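If you use the numbering used here, the sequence shown closes out at 499, no skipped numbers anywhere.
Glycine residues also receive a C-beta, built at the ideal position from the N, C-alpha and C atoms.
Quantities reported herein were computed from a predicted structural model and do not represent experimental measurements.
Everything below concerns the one structure shown next.
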Amino acid sequence: MITKVEHPAAKLAYHRKNVWDCLGAEERDRVMKFNEEYKDFLNQAKTEREVFEAALADLKNAGFSSVDLKTGLKPGDKVFFANRQKALIAAVIGPEPLINGINIIGAHTDSPRLDLKPLPVFEDNGMVFFKTHYYGGIKKYQWLSIPLSLHGVVVRADGNSVAVHIGEESGDPIFTITDLLPHLAKDQIDKKMADAVPGESLNILAGGIPLAGEELKDRFKMTVLEYLHRRYAMVEEDFISAELELVPAWPARDIGLDLSFVGAYGQDDRVCAYAALRALIDGPVPKRTAMMVLADKEEIGSSGNTGMKAAFFKNAVREIAARTTSPYNELVLSKALSNSLALSADVNVGLDPNYPDVTEKMNTAWLGYGVVLTKYTGNKGKYESSDAHAEVVAQVRRVFHNAGVIWQSGELGKVDQGGGGTIAHLVAKHGVDVLDCGVALLGMHSPFEVASKADIYMSYQAYKAFFTR
Ligand code: MN
Ligand code: MN
31 MITKVEHPAA
41 KLAYHRKNVW
51 DCLGAEERDR
61 VMKFNEEYKD
71 FLNQAKTERE
81 VFEAALADLK
91 NAGFSSVDLK
101 TGLKPGDKVF
111 FANRQKALIA
121 AVIGPEPLIN
131 GINIIGAHTD
141 SPRLDLKPLP
151 VFEDNGMVFF
161 KTHYYGGIKK
171 YQWLSIPLSL
181 HGVVVRADGN
191 SVAVHIGEES
201 GDPIFTITDL
211 LPHLAKDQID
221 KKMADAVPGE
231 SLNILAGGIP
241 LAGEELKDRF
251 KMTVLEYLHR
261 RYAMVEEDFI
271 SAELELVPAW
281 PARDIGLDLS
291 FVGAYGQDDR
301 VCAYAALRAL
311 IDGPVPKRTA
321 MMVLADKEEI
331 GSSGNTGMKA
341 AFFKNAVREI
351 AARTTSPYNE
361 LVLSKALSNS
371 LALSADVNVG
381 LDPNYPDVTE
391 KMNTAWLGYG
401 VVLTKYTGNK
411 GKYESSDAHA
421 EVVAQVRRVF
431 HNAGVIWQSG
441 ELGKVDQGGG
451 GTIAHLVAKH
461 GVDVLDCGVA
471 LLGMHSPFEV
481 ASKADIYMSY
491 QAYKAFFTR
């Protein structure tokens with residue numbers, strides 16, 4: 031028998047590990063089971079409001095309660111801060127004084143989509159359409175000729191709100207944006223991709239039966255308004271105070287004969303949001319206080335009072351500091367923040383063999399090779415990236431090594447190819463040390479994003495280890 035002898039120098043080189051190689055049969059089962067639960071979550075949480083509701087329900091089931099119901103806070107307490115049904119912070123209070131810092135994991139709940147305009151309904155040639163305004167960075171052509179469902183809320187003038195959820199149940203109607211037939215698409219095909227689908231052409235097909243005879247004005251549109259009034263007691267003006275979002279109507283699915291991948295809408299960034307939520311819920315009471323942040327509006331620059339640029343994150347830390355520290359003053363807050371360590375839990379690009387030219391092979395994450403540490407994001411010369419300190423990266427590496435978490439390093443594409451950002455720099459501005467850490471995706475921001483089940487599970491393991499470090 032020949033035994034393979036490894037040269038002592040072989041250990042010097044960095045090799046990424048395939049997660050599946052490292053899993054026994056039992057752990058493979060756990061990976062598959064976790065992903066079944068993840069897909070269920072994706073199917074019930076296709077908008078930021080639905081992520082909020084699903085996460086809040088899971089937190090309540092796990093014994094978390096609103097911070098407003100607590101008088102003081104003591105180690106072991108589990109609390110949440112709800113921010114307008116869109117953003118959510120949850121924390122498990124640890125025995126260590128808060129001034130020593132918090133372990134924070136922050137993900138975002140919003141995903142690219144098509145929003146209805148404030149006045150969306152019009153008719154043309156016997157058909158009714160809804161006008162849309164896209165949200166976040168999309169390749170517009172990807173949203174043509176696919177089934178779309180409508181999710182959201184209408185707040186009527188009297189202040190009562192009604193939830194809208196059309197296109198997810200079998201038997202529900204769905205919506206679509208029609209594309210041009212190839213026979214007549216010569217001019218469209220000759221255009222640059224950026225110009226081929228104008229934003230104002232993203233009109234949703236929403237009806238086509240007239241309400242009454244030709245004497246009625248806008249009689250096709252009136253059928254739709256009459257339906258909406260009957261079902262939701264709303265009038266056209268109520269659209270102005272509504273948030274109605276069109277998202278792909280299909281459910282999360284397994285991809286591949288070996289069921290290795292999850293294909294779904296909205297995995298950026300619900301994959302990290304779900305893994306962080308589960309890590310906080312499933313983990314033991316940590317020594318340092320553990321905090322999960324689910325922020326809204328990341329895809330449009332984190333502005334607005336539910337986005338990461340807003341005060342709610344710092345306010346939540348302040349409230350925990352004030353309720354756990356006696357005497358409390360503002361110094362406690364600033365010290366707690368600067369002693370904190372955060373993971374910005376967001377997705378990164380995975381190397382796609384169909385498009386090898388846009389990434390640099392050595393420094394791009396591979397699907398199935400573990401959760402991704404991203405030292406910096408940004409574009410051109412790392413512009414607007416918080417670029418984590420070497421000490422911070424080493425600290426997180428150590429946590430993962432000790433916990434047996436399989437991870438890899440990845441950057442967002444080739445230098446000068448493009449780029450992007452996360453909430454990392456907005457956490458860093460409070461003085462917190464922060465490192466990007468999440469799951470690699472193919473087809474990011476498309477209506478059907480792909481992630482490896484092994485990486486999804488590893489992100490959960492990584493976040494659990496981080497919360498209890
Ligand atoms: Mn993201
Ligand atoms: Mn994104």
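In the three-state DSSP reduction, T498 falls in the coil class, being neither helix nor strand. Annotation note: the region 407-449 contains the following uninterrupted beta strand (DSSP E) runs of length 3 or greater, listed N- to C-terminal: 437-439. With three or more CB-CB distances shorter than 8 Å, the region 364-375 counts as touching the region 447-460.
Under the three-state reduction of DSSP output, H37 falls in the coil class, being neither helix nor strand. The region 300-314 makes contact with the region 486-499, as at least three CB pairs between them are under 8 Å. DSSP places S179 inside the beta strand (DSSP E), whose first and last residues are 178-185.
Between G440 and A470, the C-beta spacing is below 8 Å. Within 7 Å of the C-beta of D376 there is at least one heavy atom belonging to ligand 1.
Beta-bridge annotation (DSSP): D284 is paired with V292. Remark: the shortest separation between the CB of E328 and any heavy atom of ligand 1 falls under 7 Å.
Of the residues R58, F478, K216, the one whose Cα lies closest to the Cα of L174 is F478. Note on geometry: alpha-carbon atoms of L86 and V435 lie some 27 Å from one another.
About 6 Å separates the beta carbons of R300 and L72, which is inside the 8 Å limit, making them a contact pair. Cα atoms of P150 and V464: separation of roughly 41 Å, rounded to the nearest angstrom.
Rounded to the nearest whole angstrom, the CA to CA distance from D248 to V81 is 37 Å. Less than 8 Å separates the beta-carbon of F343 from that of I119.
In this structure, the beta-carbon distance from D268 to R318 does not fall below 8 Å. In this structure, the CA atom of H138 is about 26 Å from the CA atom of L232.
Annotation: the continuous beta strand (DSSP E) that includes A121 extends over 117-122.
Collapsing the DSSP output to three states places E273 in a strand. The alpha-carbon separation between L211 and D51 amounts to approximately 46 Å. By alpha-carbon distance to E329, the top candidate from F94, T452, S95 is T452.
Note that the region 121-133 touches the region 86-105; at least 3 beta-carbon pairs, one per stretch, sit closer than 8 Å. Under the three-state reduction of DSSP, Y399 is assigned to coil, being neither helix nor strand. Considering only V445, G237, P383, E67, the residue with the shortest C-alpha distance to E256 is G237. When the alpha-carbon of P383 is set against those of I176, I196, G473, the nearest one is in G473. The continuous alpha helix (DSSP H) containing K251 extends over residues 249-262. G398 and L289 have their C-alpha atoms roughly 12 Å apart. In the three-state DSSP reduction, V151 falls in the strand class (E or B). Using a Cβ-Cβ distance cut-off of 8 Å, the region 412-419 and the region 61-80 are not in contact, since fewer than three pairs of beta carbons, one from each stretch, lie closer than that value. Restricting attention to beta strand (DSSP E) runs no shorter than 3 residues, the region 348-401 encloses them at 371-374, ordered along the chain.
Within the same chain, Cβ atoms closer than 8 Å to the Cβ of G400 are found at R46, K47, V49, V435, I436, W437, Q438, A484, D485, M488, the five residues on either side in sequence being excluded. Look at V158 here: in three-state DSSP terms it is strand.
Going by beta carbons, T355 and L128 fall inside the 8 Å limit. Short of 7 Å from the beta carbon of I204, and not among the five residues preceding or following it, lie these beta carbons of its own chain, in chain order: P177, L178, S179, G197, A279. Assignment of G229 by DSSP, reduced to helix, strand and coil, places it in the helix class.
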